[in-house]
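Undergrad: Count along the sequence shown starting at 1, add 16, and that's the number in our numbering. One structure coming up, written as structure tokens, with questions to follow.
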Amino acid sequence: MTPLVSQGIAIAYMAERNEAKQISIATQACKTEFIRYTGVEADESG
Numbered sequence: 017m018t019p020l021v022s023q024g025i026a027i028a029y030m031a032e033r034n035e036a037k038q039i040s041i042a043t044q045a046c047k048t049e050f051i052r053y054t055g056v057e058a059d060e061s062g
């Protein structure tokens, strides 16, 4: 593989991981809000 190709793959991989992290943070925030408003822990199933 040329350095450019492997760099492109690395960038795509990092972007994907970063996006997953953003989603995780958003999910965590939603859970926190849910608990705050209802006083109930949301179950993991959704």
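In this text, a Cβ means the ideal position worked out from N, Cα and C, and glycines have one as well.
1) Using beta carbons (cut-off 8 Å, strictly below), is Q38 in contact with chain B?
2) Mapping DSSP to helix, strand and coil, what is E24?
3) For a test of the three-state rule: what should DSSP assign to T48, helix, strand or coil?
4) I need the straight-line Cα distance from M30 to Q44, nearest angstrom please.
TA: With the given structure in hand:
1) Absence of chain B from the displayed structure is noted, only one protein chain being present.
2) For clarity, residue 24 is Gly in the given sequence; the question names Glu instead. Residue state, collapsed to three classes: helix.
3) In the three-state scheme derived from DSSP, where H, G and I count as helix and E and B as strand, T48 is classed as helix.
4) If I take the Cα positions, the gap works out to 21 Å.
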